[in-house]
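Trainee:
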Amino acid sequence: MATIERELKLLLQHDSYKKIINSVEQNPTPIRQTNYYFDSRDFKLEKSGVTLRIRNEDTQWLLCAKIKSNSDNSFISSKEIETSITELEFEYLKGNPSEIFKRINKDEVDLCNIVDSSELFLLGSIENERLKLKLFSDYILELDHSIFPGGNESYELEVEGVSSEKECSNIMNQLQKMGIDFYLNNKSKYKRFVEYITTV
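When we follow the working numbering, the leftmost residue of the sequence shown carries the number 1, and every step to the right adds one.
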């Protein structure tokens, strides 16, 4: 199924991450995720603004092709094509990544135009702990603590459903009034993952 995702991404320091958690009365259950990334050895998908991943969350496994369509504004727009798979399918695809494209609807996206399926392999993974919060207005806030290769940690706030610069400005102004320090992030987790594995 294809969906259009629009989100504001803000990177945080650890103290701002904790400050957001302490500012809400909710006690959300942490959602633990593992993202497994696939690409060619010369990162053809990443260079084309495409993330190809399989995400494990509890007992759920989701194959996703995420195509960035706009990052000129404060928010990022992307098209996501998602397919539910089983753990057995994941184990098969992990060992046979050239079969991944067969699981993605070509009518929604044809990644063969970017990279030959025979070039795909599993690059690695990141661990992510996510908290879903209702902080203000009608937005769902996703607060992430991610561990990248080499033990590198990242704290990030994602606000989904934004569609204008005005909305982004309002959200950022409210965070500043709360004393939350942040900086705008137009790099996906996959982009940062690639930077880590190519600099170690």
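In this text, a Cβ means the ideal position worked out from N, Cα and C, and glycines have one as well.
#1: Does Ile4 pass the burial test, meaning 16 or more other C-beta atoms within 10 Å, or should it be called exposed?
#2: Please check the pair Lys189 and Asn70, which I expect to be a contact at CB under 8 Å, by giving their CB distance rounded to whole angstroms.
#3: How about Gln174 and Phe136: are their beta carbons less than 7 Å apart?
#4: Using a 10 Å radius around the Cβ and a threshold of 16 neighbouring Cβ atoms, would you call Asp144 buried or exposed?
#5: Please name the residue in Ile76, Ser40, Lys9 and Glu156 whose C-alpha comes closest to that of Ile21.
#6: Using the rule of at least 16 other Cβ atoms within 10 Å of the residue's Cβ for burial, across every protein chain shown, is Glu46 buried or exposed?
#7: Need the endpoints of the alpha helix (DSSP H) that Glu196 sits in, please.
#8: Let's test the definition: count the other Cβ atoms within 10 Å of the Cβ of Thr51 and tell me whether it reaches 16, buried, or not, exposed.
#9: Looking at the structure shown, is Tyr92 part of a helix, part of a strand, or coil, going by DSSP?
#10: With DSSP as the reference, identify every bridge partner of Thr59, one or two as the case may be.
#11: Look up Lys25 in the DSSP assignment and say whether it is helix, strand or coil.
#12: What whole-angstrom Cβ distance do Glu158 and Glu7 have, given they're in contact under 8 Å?
#13: I need the straight-line Cα distance from Ser169 to Glu108, nearest angstrom please.
#14: Please name the residue or residues paired with Ile205 in a DSSP beta bridge.
Mentor: A quick look at the data gives this:
#1: Position 4 of the sequence shown holds residue 4. It counts as exposed.
#2: As a working mapping, residue 189 is identified with position 189 in the sequence shown. As a working mapping, residue 70 is identified with position 70 in the sequence shown. A Cβ-Cβ separation of about 18 Å leaves Lys189 out of contact with Asn70 under the 8 Å criterion.
#3: Numbered from 1 along the sequence shown, position 174 holds the residue referred to as residue 174. Numbered from 1 along the sequence shown, position 136 holds the residue referred to as residue 136. Contact: yes.
#4: Within the sequence shown, numbered from 1, the residue matching residue 144 stands at position 144. Label assigned to Asp144: buried.
#5: By one-based count along the sequence shown, residue 21 stands at place 21. The shortest C-alpha separation from Ile21 is found at Glu156.
#6: Along the sequence shown, read from residue 1 onward, the residue named residue 46 stands at position 46. By the 10 Å Cβ count, Glu46 comes out buried.
#7: As a first step, residue 196 must be located in the sequence shown, where it is residue number 196. The displayed chain sequence assigns Tyr, not Glu, to residue 196. Element bounds for Tyr196: Lys189 to Ile197.
#8: Position 51 of the sequence shown holds residue 51. So Thr51 counts as buried.
#9: Along the sequence shown, read from residue 1 onward, the residue named residue 92 stands at position 92. In this structure, Tyr92 counts as helix in the three-state DSSP scheme.
#10: Taking the first residue of the sequence shown as 1, we reach residue 59 at position 59. Answer is none; Thr59 lacks a bridge partner.
#11: By one-based count along the sequence shown, residue 25 stands at place 25. The displayed chain sequence assigns Glu, not Lys, to residue 25. Three-state DSSP puts Glu25 in coil, outside helix and strand.
#12: Locating residue 158 in the sequence shown gives position 158, where the first residue counts as 1. Locating residue 7 in the sequence shown gives position 7, where the first residue counts as 1. That pair is a contact at about 5 Å.
#13: One-based indexing of the sequence shown puts residue 169 at position 169. One-based indexing of the sequence shown puts residue 108 at position 108. Those two C-alpha atoms are separated by around 32 Å.
#14: Given that the chain is displayed from residue 1 to residue 200, the structure contains no residue 205 and the question cannot be resolved.
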